[in-house]
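The structure under discussion appears below in the form of structure tokens.
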Amino acid sequence: MSSSHPAPQSFVAVFVGATRGIGLATLKALTRALPNPRFYIIGRSKARFAGVLALLNEYNPNAAIQFVEAEVSLIKGIDGVCERIMNLEKHVDLLFMSPGSLAFGGPHYNGEKIDLCFALSFYIRMRLIERLLPVLMQAPHPRVLSVLAGGHEGPLFTKDGDIGLRKKACYGSCSGFYRVLSDGNTATDGKVLGPMEREGWPLKVFEHTQEVFGEILSQK
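Counting in our numbering, the final residue of the sequence shown is number 229, and the numbers go up one at a time with none missing.
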């Protein structure tokens, strides 16, 4: 943890997409670094995560880690998970989101008729923030971290209204999922996060993060 803040004694974090990659590496690091954390890991299969869970418990026997099974590509699945967490916790310090999908051969629609790539990279992330906002705002230093394909942002092909990616020529726009509005604005635009700002969430946090990463990428 940063030396600017002492390690909290009741740190609560929610992870989505932490079964591999950057999310899992972050989960392991925080498990080792924090004294008595409470982690909720949202994923599809608790059985497949059992080996990793055992390893995390070895890292820190005082960590309370719960794997919550859910279909993370569905908004209704996210709603159920958020309701459960809010019934158990009075605050959430960190929401870490890194789910993704590498789909080939055109769009792949989930049970809610949303393309899987867009569901995981945008829709369920916005839903998580919206639903968990009340408990996030109860934490002294709340943080939301959304891990995307940094440096690969681009415009969406929405001039024909094909936001559902049903036309083959438009599916390549999936690489620009960070830009989700028809006018090319980013996810930090007030049209997307405006309602959350009105509820008290500091929109400046998202804007600052985007600017910092933009400066880093421009120096590469």
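We put the CB at the ideal spot given by N, CA and C, even for glycine.
As the structure is a prediction and not an experimental result, all values here were calculated from the model.
Distance, V144 Cα to S155 Cα: Rounded to the nearest angstrom, the two C-alpha atoms are 18 Å apart.
Nonlocal neighbours in the same chain, by C-beta distance under 7 Å from L62, ignoring five residues either side: Apart from sequence neighbours up to five positions away, the residues of its chain that approach L62 with a beta-carbon distance below 7 Å are I74, F76, ordered along the chain.
Inter-stretch contact (C-beta, 8 Å, three-pair minimum) for the stretch 87-103 and the stretch 134-153: Counting Cβ pairs under 8 Å, three or more are found: they touch.
V23 and Y49 closer than 7 Å at C-beta: The answer is yes: Cβ separation under 7 Å.
K122 versus A56 - alpha carbon distance: When rounded, the separation of the alpha-carbon atoms in K122 and A56 is 28 Å.
C-alpha distance - L83 paired with R29, whole-angstrom precision: Straight-line measurement puts the Cα of R29 at about 20 Å from the Cα of L83.
Bridge-paired residues (DSSP) for R152: Under DSSP, R152 shares a beta bridge with L103.
Beta-ladder partner(s) of G52, from DSSP: Paired residues: E78.
One or two residues paired with R47 in a DSSP bridge: Answer is V21, A73, bridged to R47.
Boundaries of the alpha helix (DSSP H) in which R136 is found, first to last residue: Start and end: 133-145.
Beta-carbon proximity of S107 to G52, cut-off 7 Å: S107 places its beta carbon 7 Å or farther from that of G52.
Pair within 7 Å by beta-carbon distance, E80 and G86: Cβ atoms of E80 and G86: closer than 7 Å.
Burial state of V21, where buried means 16 or more other Cβ atoms lie within 10 Å: V21 counts as buried, since at least 16 other C-beta atoms from the protein chains shown sit within 10 angstroms of its C-beta.
Euclidean distance between Cα positions of I138 and L129: Rounded to the nearest angstrom, the two C-alpha atoms are 13 Å apart.
Enclosing alpha helix (DSSP H) for A59 [first to last residue]: 59-68 is the extent of the alpha helix (DSSP H) around A59.
Cβ-Cβ separation, A27 to L36 (assumed contact under 8 Å), whole Å: Contact holds; Cβ gap of about 5 Å.
Spatial distance of S142 from L157 (CA atoms): For clarity, residue 142 is Leu in the given sequence; the question names Ser instead. Cα to Cα, L142 sits roughly 20 Å from L157.
Test item: CB-CB of T40 and N71 under 7 Å: With contacts defined as CB atoms closer than 7 Å, T40 and N71 fail to qualify as a contacting pair.
Beta-carbon proximity check, S91 vs R140, cutoff 7 Å: A small fix is needed here, since residue 91 is Cys in this sequence, not Ser. Their beta carbons are under 7 Å apart, which means C91 touches R140 by this criterion.
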